[in-house]
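Enquirer:
Numbering (the working numbering), first residue to last: 4 to 325.
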């Protein structure tokens, strides 16, 4: 069965706006909300980047049933995994167990800011593995002392939800990250491309297809022209993840995307008043096997975007039943 959630686009909204959107999402019947965990937005025209954990606390207190997930947190550079373990346990307790910790290997945009070196991908994955194992040990509710290759923990205990592990979903892009997710006992995977090989690779490793997460932008606007302008706000990922993970601040993303044409943006990001591009984009993920899909309202009129989603897009989708 396919489940739909709302991605809180924190690059465009204040923390208080995001809490209000999460409560509206619960009222509209969305099953989860996802939030990015950044210190920088992607592009210079983005005007916000609130601290995700403060927002999650506000959402946990303001809602009663909707699930929460980070999409995603990097627990290895800007944060130490001990701090992420405490933050995740706190939000899980505040939400009555509705929280899932989405993790990833990070991108330079956010993780270089404390002056720590941002290394090559293989080292980032090795650090991520050690961080996950440390957090899982901390959630045992016991005092932990660990001298790792990358991280130490010195007689530390997580008191919130002591003894209750927080479920982890791992951002994946290929076999290396799929192996990491399976080896560390992650509950699910998250990806940004409609790649059936990722879903198949996850289930072949024993993972549940029901725990496959993704997101799709909705650059709704009342006209085609306004749709293209709205879609430009989401162009930051179009140059590919190999580039996006390495750029250090919004000015670099502006430079990397400056030569994208309107036609390229139109083809890559569903936009405008016609439901067909959105139906096609979401259906690609459903057909690839993803079962937990967050829609991302890119424009300023979030209420109109969500009304359009419910009235014109959702009824046209052929929903997976596995």
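All C-beta atoms in this analysis are idealised placements derived from N, C-alpha and C, irrespective of residue type, glycine included. Because the structure is a prediction, the values reported are computed rather than measured.
1. For residue 56 and residue 267, what's the separation of their Cα atoms in angstroms?
2. Could you tell me the distance, in whole angstroms, from the CA atom of residue 236 to the CA atom of residue 288?
3. Taking its Cβ as the centre, do 16 or more other Cβ atoms sit within 10 Å of residue 160, making it buried, or is it exposed?
4. Drop a sphere of 10 angstroms on the beta-carbon of residue 238, count the other beta-carbons inside from all chains shown, and report buried for 16 or more, exposed for fewer.
5. Going by alpha carbons, who is nearest to residue 265 out of 230, 298, 240 and 307?
6. Leaving out the 5 sequence neighbours to the left and right, which residues in its chain are closer than 8 Å to residue 218 when beta-carbon positions are compared?
7. Please report the distance separating the alpha-carbon of residue 86 from that of residue 177.
8. When you compare each of 22, 291, 201 and 308 to residue 180 by their alpha carbons, which one comes out closest?
9. Starting from residue 218, trace the beta strand (DSSP E) in both directions and tell me its first and last residue.
10. Start and end of the beta strand (DSSP E) containing residue 37?
11. Could you give the residue range of the alpha helix (DSSP H) that holds residue 299?
12. From which residue to which residue does the beta strand (DSSP E) around residue 173 run?
13. How long is the line joining the alpha carbons of residue 98 and residue 63, rounded to whole angstroms?
14. Who are the near neighbours of residue 147 in its chain, counting only those whose CB is closer than 8 Å to its CB and skipping five residues on each side?
15. Expressed to the nearest angstrom, what Euclidean distance is found between the alpha-carbon atoms of residue 184 and residue 254?
16. Evaluate contact between the segment 202-209 and the segment 101-109, counting only Cβ atoms and requiring at least three cross-stretch pairs below 8 Å.
17. Which residue spans inside the segment 24-107 form an unbroken alpha helix (DSSP H) run of at least 4?
Expert: Walking through what the data contain:
1. 35 Å
2. 22 Å
3. exposed
4. buried
5. 230
6. 10, 37, 74, 195, 296, 297, 298 and 299
7. 28 Å
8. 201
9. 215-221
10. 35-38
11. Unbroken run through residue 299 is the beta strand (DSSP E), 295-300; no alpha helix (DSSP H).
12. 171-174
13. 5 Å
14. 137, 140, 141, 156, 158, 159 and 160
15. 33 Å
16. no
17. 55-65 and 84-97
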